[in-house]
Amino acid sequence: MQPQILVLKEGTDQSQGRPQLISNINACQLVVDAVRTTLGPRGMDKLIVDHSGKAVISNDGATIMKLLDIVHPAAKTLVDIAKSQDAEVGDGTTSVVILAGELLKRLKPFVEEGVHPRILVRAVRSAAKLAVDRIRELAVKMDNKSPQEQRDLLRKCAATAMASKLIHRQKDHFSAMVVDAVLSLDAPLLPLDMIGIKKVSGGALEDSFLVAGVAFKKTFSYAGFEMQPKSYDPCKIALLNIELELKAERDNAEVRVDNVKEYQKVVDAEWQILYEKLEALHKSGANVVLSKLPIGDVATQYFADRDMFCAGRVPDEDLRRTQRACGGAVLSSTRSIPVEALGHCAHFTEKQIGGERYNIFTGCPAAKTCTLILRGGAEQFLEETERSLHDAIMIVRRSIKNDALVAGGGAIDMEISKHLREYSKGVAGKEQLLLAAIARAFEAIPRQLCDNAGFDATNLLNKLRQKHHQGEKWYGVDIQKEDIADNFASCVWEPAVVKINAVTAACEAAAQILSVDETIKNVKGGDAMPQAGGMPGGMGRGMGRPRMG
2 MQPQILVLKE GTDQSQGRPQ LISNINACQL VVDAVRTTLG PRGMDKLIVD HSGKAVISND
62 GATIMKLLDI VHPAAKTLVD IAKSQDAEVG DGTTSVVILA GELLKRLKPF VEEGVHPRIL
122 VRAVRSAAKL AVDRIRELAV KMDNKSPQEQ RDLLRKCAAT AMASKLIHRQ KDHFSAMVVD
182 AVLSLDAPLL PLDMIGIKKV SGGALEDSFL VAGVAFKKTF SYAGFEMQPK SYDPCKIALL
242 NIELELKAER DNAEVRVDNV KEYQKVVDAE WQILYEKLEA LHKSGANVVL SKLPIGDVAT
302 QYFADRDMFC AGRVPDEDLR RTQRACGGAV LSSTRSIPVE ALGHCAHFTE KQIGGERYNI
362 FTGCPAAKTC TLILRGGAEQ FLEETERSLH DAIMIVRRSI KNDALVAGGG AIDMEISKHL
422 REYSKGVAGK EQLLLAAIAR AFEAIPRQLC DNAGFDATNL LNKLRQKHHQ GEKWYGVDIQ
482 KEDIADNFAS CVWEPAVVKI NAVTAACEAA AQILSVDETI KNVKGGDAMP QAGGMPGGMG
542 RGMGRPRMG
């Protein structure tokens, strides 16, 4: 008998061949089922409780995928494509997961019948190329429009992105806010970090508003704060990275004095240093002093006596946004404060919003920045509103940068499906069957939209196939009327880049999963080794354990 050759460590889990590929496809199906019902305007929300007991209610595919603790190696690919879609375009995260899962589901019978995975991968790649080319060909450009027309187009794109979210009832209010926020940024970069989002619980969603400048929560303040003025027009701002209070002595410092006068000098020197700093700030002409580090009670009182406003312990991100908006520099010394180191804004005020007080800077000359202040009942509700707005902001940014649009509501998916089906009829060999199966996979989005809304999916899809066959390329599902409609005319629009990215990512993920035929799972450090006591699993005598029997 030949001795058994062990190459891998004992206990390594090794599975390969067709059963392994089918097992990977089944794992991906389970992940898709977790997010399938969140698609579209009638999608349901998921409540996910993490290991620390924090509950998150969300409708956003990428958020759900991140919170699911997925351990299956192949299924993690779907999490990655949802994350990449979120980072790249911000919306369409659920669609991309459903599309990848449906591609695998449609190709699974071919795997079971013994078609080589390489042929499947080739078919998926060629289908992806055909689909992307078709989207580019159909996309409608929105250039050469007047600013008002462009604003309306962007509002419709933002409203489509919000239609499937928790805030869909207030989408008109929020889409206007989002478009104003993005258009106030510096083109062509449109930096995301210049839009601040602050959440204040209480009030109604409609009470949310946009500040055309920087706003942040009032920081911790000492006595004397009440006497400081709470608004300035115009305003000069000193931004600091300095502590304006008496510092505690170093633990290991030692000062030897032999009489009380010497000790008094040491104390006076400390106060002198602090007063010099405060005087330098007063002489610089600044009205508002913001510092990343604490501003003590003496300093607060000093500034109040001189009609100056101060705030210490300002969060780093807010200080940075104030600097980029109002100009100036973050100073780490008060030795000399040149005029150009101070920031400027037209108006500063402190305002009560709900149960919080907010410092608001408007009329900032340097950079374009804005802050969205969200109101609402529960904490989770506010967090979901923030995620929904993030998606809408990303969509509006993308629409400004890539100004090509397609119709949403499953219209473009049906058109790709029809295009692939017609193309497949001209292809010989196995690829014809594979392309026809992939064409069916693209119908997953409109089918899921119907299922989630409780419509008869088979009936509506048959109507859609007929319309697309007649050349009505923008026909999709109309959720409001429980029927099909021309979604381009109904203003259900999304940027073409969302669909292109979704199709490319889904096809790449499907191709990657199909090309894996073996999984080798290495054992953890001590799993395969017999434990103390000689017998595996540590069943032997432990230290000092008496013999039994």
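Using this note's numbering, the first residue of the sequence shown is number 2, and each one after it goes up by one.
Backbone N, C-alpha and C fix where the C-beta goes; we use that ideal spot for every residue, glycine too.
Just so we're clear, the structure is a prediction, and the values are computed from it rather than from any experiment.
Over the uninterrupted alpha helix (DSSP H) stretch that includes residue i, give me the two end residues.
i, result
"I274", "261–284"
"V112", "94–113"
"A162", "148–163"
"S127", "118–139"
"P447", "445–454"
"R321", "317–327"
"Q470", "Reading off the sequence shown, one finds His at residue 470, where the question assumed Gln. That run of the alpha helix (DSSP H) goes 458–470."
On the DSSP bridge list, what partners appear for residue i?
i, result
"S59", "K47"
"P496", "L406"
"Q353", "R358"
"G344", "I238"
"S1", "Only positions 2 to 550 of the chain appear in this structure, which leaves residue 1 out of reach."
"A312", "L291"
"G477", "A486"
"T363", "G214, H348"
"G204", "DSSP lists no partner for G204."
"L332", "L241"
"I296", "L245"
Exposed or buried, residue i, counting other C-beta atoms within 10 Å across all chains shown (16 or more means buried)?
i, result
"S551", "Nothing about residue 551 can be read from this structure; the chain reaches only from 2 to 550."
"D319", "buried"
"H470", "exposed"
"A529", "Note on A529: pLDDT 47, under 50, position unreliable in the model; the coordinate value appears next. Counting Cβ neighbours within 10 Å, A529 comes out exposed, since fewer than 16 surround it."
"V97", "buried"
"I243", "buried"
"N523", "exposed"
"E313", "Reading the sequence as shown, one finds Gly at residue 313 and not Glu. So G313 counts as buried."
"H420", "buried"
"P235", "exposed"
"M551", "An answer regarding residue 551 cannot be provided, because it is not within the stretch 2 to 550 covered by the chain."
"L435", "buried"
"G427", "exposed"
"V256", "exposed"
"P20", "exposed"
"P42", "buried"
"N260", "exposed"
"I274", "exposed"
"L461", "buried"
"A132", "buried"
Could you tell me the alpha carbon to alpha carbon distance between residue i and residue j, rounded to whole angstroms?
i, j, result
"H345", "A287", "9 Å"
"I99", "Q30", "9 Å"
"K77", "T39", "19 Å"
"M536", "L22", "Interpretation of M536 is limited by its pLDDT of 44, a score under 50 that renders its predicted location unreliable; the figure taken from the coordinates is listed afterwards. When rounded, the distance between both Cα atoms is 36 Å."
"K146", "S400", "13 Å"
"E357", "E380", "15 Å"
"A486", "W475", "8 Å"
"V179", "Q86", "20 Å"
"D14", "T95", "32 Å"
"R126", "A512", "7 Å"
"G18", "D518", "5 Å"
"P110", "L206", "48 Å"
"E495", "A83", "18 Å"
"I480", "L155", "21 Å"
"R137", "L240", "48 Å"
"A182", "A445", "34 Å"
"A326", "V215", "8 Å"
"A438", "D34", "20 Å"
"G430", "I120", "11 Å"
"S59", "L375", "17 Å"
"K200", "V90", "24 Å"
"I354", "N502", "40 Å"
"F456", "L105", "25 Å"
"K10", "V32", "31 Å"
"S425", "L465", "19 Å"
"L291", "D306", "17 Å"
"S333", "P316", "16 Å"
In the DSSP assignment, the beta strand (DSSP E) including residue i goes from what residue to what residue?
i, result
"L211", "210–212"
"C371", "371–377"
"I417", "Careful: I417 lies outside any beta strand (DSSP E), inside the alpha helix (DSSP H) at 412–425."
"Q17", "14–17"
"F175", "No beta strand (DSSP E) contains F175, which is instead part of the alpha helix (DSSP H) from 172–184."
"T520", "519–522"
Practice task
Take every Cβ of the region 330–346, pair it with every Cβ of the region 270–283, and state whether three or more of those distances are shorter than 8 Å.
Solution key: yes
Practice task
Flag this pair as touching only if the region 212–228 and the region 387–394 have three or more C-beta atom pairs under 8 Å; answer yes or no.
Solution key: No contact exists between the region 212–228 and the region 387–394.
Practice task
Decide if the region 399–415 is in contact with the region 491–511; the criterion is three or more beta carbon pairs, one per stretch, under 8 Å apart.
Solution key: yes
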